[in-house]
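Read the structure below first, then the notes.
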Amino acid sequence: MKRSARVIIDSAALRHNLQRCRQAAPNSLVMAVIKANAYGHNMLKTAETLNHANGFAVSCVQEALELRQARFLHPITVLQGYQNFAGLKAASEHRLRVVIHDYAQLELLDSAPYSLKVDIAIKLDSGMHRLGFPVEQARSLFDKLSKHSNVRSKPWLVTHMACADEKDNSHTQAQIDQFLQYTAGIETPLSMANSASILAWSQTHTQWVRPGIMLYGASPFENGNAKAEGLQAVMTLTAPLIAVHTIPKGESIGYGASWICPEDMRTGVIACGYADGYPRHAPTGTPVWVNGKETRTLGRVSMDMTVIDLTGIEAQPGDTVELWGKHIAVDRVARSAGTISYEILCNAGNLCVHDYV
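Sequential numbering from 5 applies to the sequence shown in my numbering.
The structure is reproduced here in structure tokens:
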């Protein structure tokens, strides 16, 4: 038997968000980021829905091979590149563009047989300090790898923004300036923009942009509002009510007896908890939607149940509760739980049954 909590994926909303990206960066090609099982939305189904994207980006070679095995012929960029010769060989055979960000990868490339040819992108560290070569080495690395016997085509140059989700953070402009300064005059495709950069930093709209979270209908900004940013919710998490009770004033609810009823209260229990990907740290007051009305959670989230407030709401066992989706933005749930929408979408999307509409 399958668990009761369900994830509903709105394919039309996915396509809308892709178009929103194109509207924001009309002169750029779009590399849809579908790593981590498309942020919990099912990578292969998401790729099918977004088949009009100019290319896809994934985290590792294995994800790229799954796309190739499913007969997706789009350009695919592997953001972590290869870690061993097997990965390099697979990238060559399946025409994957691999990101090179470390000298160990260069050594592997140097030791590859002459017959092996691969497409690459050089990752430059403009201030994220996670992956990449010093941005000052852009020209020397490009010149070296452009002539490398194992490199099939002109290397791309890419970087990643650390703080683009904070619109007033000067670090982003510093990164932009660094990257554009050291890549100036190099005639090759550049890629800088993630979702936040696409929506707020037009200077990052180079040949390729890389939308991720915005495709899935969540805001890329700190304290953002996806609807105001022209995005539509793609994932809806629902669960059924399995019990309705009236709890007397002064009685507690849930583990730790952390919520005390201030009055006689009508409550409901839904069949969804942290085993379904709902955040355990969502506190009392986290919004949910029941029968056309917004209400809240009460007490601690359990493994597979959560209690909600049914004050003033007509509801009975079997009714459907929306944990997030069209009525409750996933960003609101994330902020309430002290986390980010990326984590919540990945967790629920990889644990619950999916319905595609």
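Cβ atoms here follow ideal geometry from the backbone N, Cα and C, with glycine treated the same way.
In this text, all values refer to a predicted model and were calculated from it rather than measured experimentally.
Leaving out five residues on either side along the sequence, give the residues of the same chain with a beta carbon under 6 Å from the beta carbon of SER199. The residue labelled residue 199 in the question sits at position 195 within the sequence shown. So the qualifying residues of the chain are PRO215, GLY216, ILE217, MET218, PRO224.
If THR208 sits next to ALA197, beta carbons under 8 Å apart, how far is it from one beta carbon to the other, in whole angstroms? Here residue 208 refers to the residue found at position 204 of the sequence shown. Here residue 197 refers to the residue found at position 193 of the sequence shown. The Cβ separation is near 4 Å, so the contact holds.
Identify whether PHE146 lies in helix, strand or coil by the three-state DSSP scheme. As a working mapping, residue 146 is identified with position 142 in the sequence shown. Residue state, collapsed to three classes: helix.
In this structure, how does DSSP classify VAL305 when only helix, strand and coil are distinguished? The count along the sequence shown starts at 1 and reaches residue 305 at position 301. Reduced to three states, the DSSP call for VAL305 is coil.
Roughly how many whole angstroms lie between the Cα atoms of GLY234 and ASP14? Counting from 1 along the sequence shown, the entry for residue 234 is found at position 230. Counting from 1 along the sequence shown, the entry for residue 14 is found at position 10. In a straight line, the C-alpha of GLY234 is about 16 Å away from that of ASP14.
I'd like the span of the beta strand (DSSP E) that includes LEU83, first residue to last. Start at 1 with the first residue of the sequence shown, and residue 83 comes out as number 79. Careful: LEU83 lies outside any beta strand (DSSP E) and carries neither H nor E.
For MET165, does the three-state DSSP call read helix, strand or coil? Translated into the one-based positions of the sequence shown, residue 165 becomes position 161. DSSP places MET165 in coil when its eight states are reduced to three.
Could you name the residues of the same chain whose beta carbon sits closer than 6 Å to that of ALA204, not counting the 5 residues immediately before and after it, in chain order? Numbered from 1 along the sequence shown, position 200 holds the residue referred to as residue 204. Here the set comprises LYS171.
Helix, strand or coil: which one does DSSP assign to THR208? Numbered from its first residue, the sequence shown carries residue 208 at position 204. If DSSP states are grouped into helix, strand and coil, THR208 belongs with the helices.
Relative to the C-alpha of THR210, which candidate in SER201, SER195, LEU349, ALA222 has its C-alpha closest? Numbered from 1 along the sequence shown, position 206 holds the residue referred to as residue 210. Closest option to THR210, Cα to Cα, is SER195.
So, for GLY289: in the same chain, excluding its five sequence neighbours on each side, which residues have a beta-carbon less than 6 Å away from its beta-carbon? Translated into positions along the sequence shown, residue 289 becomes position 285. Excluding positions up to five away in sequence, the list reads ARG300.
With LEU392 as the anchor, note down where its beta strand (DSSP E) starts and where it stops. Any question about residue 392 goes unanswered here, given that the chain covers just 5 to 361.
Own chain, CB closer than 7 Å to PRO138, minus 5 neighbours either side, in chain order: Indexing the sequence shown from 1 puts residue 138 at position 134. Result list for PRO138: ASP129, in chain order.
Go ahead and pull the three-state DSSP assignment for THR228. Residue 228 sits at position 224 when you count from the first residue of the sequence shown. The residue you asked about is not Thr; residue 228 is Gly in the sequence shown. It is coil, neither helix nor strand.
For the beta strand (DSSP E) holding SER195, just list the boundary residues, first then last. Position 191 of the sequence shown holds residue 195. Here the beta strand (DSSP E) through SER195 covers 194-197.
Counting only the same chain and skipping the five closest in sequence on each side, list residues whose C-beta sits under 6 Å from that of HIS78. Taking the sequence shown and counting its residues from 1, the one referred to as residue 78 is at position 74. The answer, listed in chain order, is GLY59, PHE60.
DSSP three-state label for LYS93, please. If you number the sequence shown from 1, residue 93 lands on position 89. Here LYS93 sits in helix by DSSP.
Please name the residue or residues paired with VAL311 in a DSSP beta bridge. Locating residue 311 in the sequence shown gives position 307, where the first residue counts as 1. Beta-bridge pairing links VAL311 to VAL273, LEU302.
Determine the closest residue to SER157 out of ALA168, ILE126, HIS175, ARG339, with distance taken between C-alpha atoms. If you number the sequence shown from 1, residue 157 lands on position 153. The shortest C-alpha separation from SER157 is found at ILE126.
What do you get for PRO117, buried or exposed, if any count of 16 or more other CB atoms within 10 angstroms of its CB means buried? Start at 1 with the first residue of the sequence shown, and residue 117 comes out as number 113. PRO117 comes out exposed.
Between the C-alpha atoms of ILE190 and GLN141, what's the straight-line distance to the nearest angstrom? Within the sequence shown, numbered from 1, the residue matching residue 190 stands at position 186. Within the sequence shown, numbered from 1, the residue matching residue 141 stands at position 137. Rounded to whole angstroms, ILE190 to GLN141 spans 12 Å at the Cα level.
Using DSSP bridges, identify the partner residues of SER416. Any answer about residue 416 is impossible in this case: the structure gives the chain only from 5 up to 361.
Buried or exposed for ASP114, going by 16 or more other Cβ atoms inside 10 Å? As a working mapping, residue 114 is identified with position 110 in the sequence shown. Exposed, because fewer than 16 other Cβ atoms sit within 10 Å of the Cβ of ASP114.
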